[in-house]
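In the numbering used here, the protein residues as written are 6 to 110.
Glycine included, C-beta positions come from ideal geometry on N, C-alpha and C.
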């Protein structure tokens, strides 16, 4: 469970804390005090990190359930960050230009 401790000194670096229940799921705590949840996973030979959302908007329980859902997507071969995110930069730009041409902008 996450708790804000106003009496403690701020941390001097960003911190990642991993969950014991769901592999790859964790919380990040930034020097600024911002906290949020993420899922780290591998797909197509690359390690990726998907940000689930910020705390307290997302509870630990809700974020953990979302991480489980995302892991099922990854297991099915789907990248939560999108297939285009894995493409080389030049290929992504070509796809973006094609989209602009199709829309007629």
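What distance in whole Å lies between the Cβ atoms of residue 44 and residue 30, which are believed to be in contact at a cut-off of 8 Å? On the chain shown, position 25 is the one that residue 30 refers to. On the chain shown, position 39 is the one that residue 44 refers to. With 8 Å as the limit, residue 30 and residue 44 qualify as a contact, their Cβ atoms being about 5 Å apart.
Under DSSP, the alpha helix (DSSP H) around residue 26 begins and ends at which residues? Residue mapping note: residue 26 aligns to position 21 of the chain shown, counting from 1. Premise fails: residue 26 is in no alpha helix (DSSP H) and is neither H nor E.
Tell me whether residue 81 sits in a helix, a strand or coil according to DSSP, three-state version. On the chain shown, position 76 is the one that residue 81 refers to. Residue 81 falls in the coil class under three-state DSSP.
Between residue 71 and the rest of its own chain, which residues show a CB-CB distance below 6 Å, the 5 nearest in sequence each way excluded? As a position in the chain shown, residue 71 is number 66, starting the count at 1. Cβ within range, chain order: 57.
What residues are listed by DSSP as bridge partners for residue 60? As a first step, residue 60 is located in the chain shown; it is residue number 55 there, counting from the start. Paired residues: 40.
CA-to-CA distance, residue 54 to residue 19, given in whole angstroms: Working through the chain shown from its first residue, we reach residue 19 at position 14. Working through the chain shown from its first residue, we reach residue 54 at position 49. Distance between the alpha carbons of residue 19 and residue 54: 15 Å.
Which residue wins for smallest C-alpha separation from residue 41, given the options 61, 47 and 48? Numbered from 1 along the chain shown, position 36 holds the residue referred to as residue 41. The shortest Cα separation from residue 41 among 61, 47 and 48 belongs to 61.
Length of the line joining the Cα atoms of residue 32 and residue 26: The residue you call residue 32 lines up with position 27 of the chain shown. The residue you call residue 26 lines up with position 21 of the chain shown. C-alpha separation (whole angstroms): 13 Å.
By a C-beta neighbour count over all protein chains shown, 10 Å radius and 16 as the cutoff for buried, is residue 35 buried or exposed? Counting from one through the chain shown, the residue named residue 35 turns up at place 30. Exposed.
Cβ neighbour criterion (16 or more within 10 Å) applied to residue 67: The residue you call residue 67 lines up with position 62 of the chain shown. Here residue 67 is exposed. Its C-beta has fewer than 16 other C-beta atoms within 10 Å.
Quick check on this structure: which residue in 17, 52, 24 and 39 has the alpha carbon closest to the alpha carbon of residue 79? As a first step, residue 79 is located in the chain shown; it is residue number 74 there, counting from the start. When only C-alpha atoms are compared, the closest one is 52.
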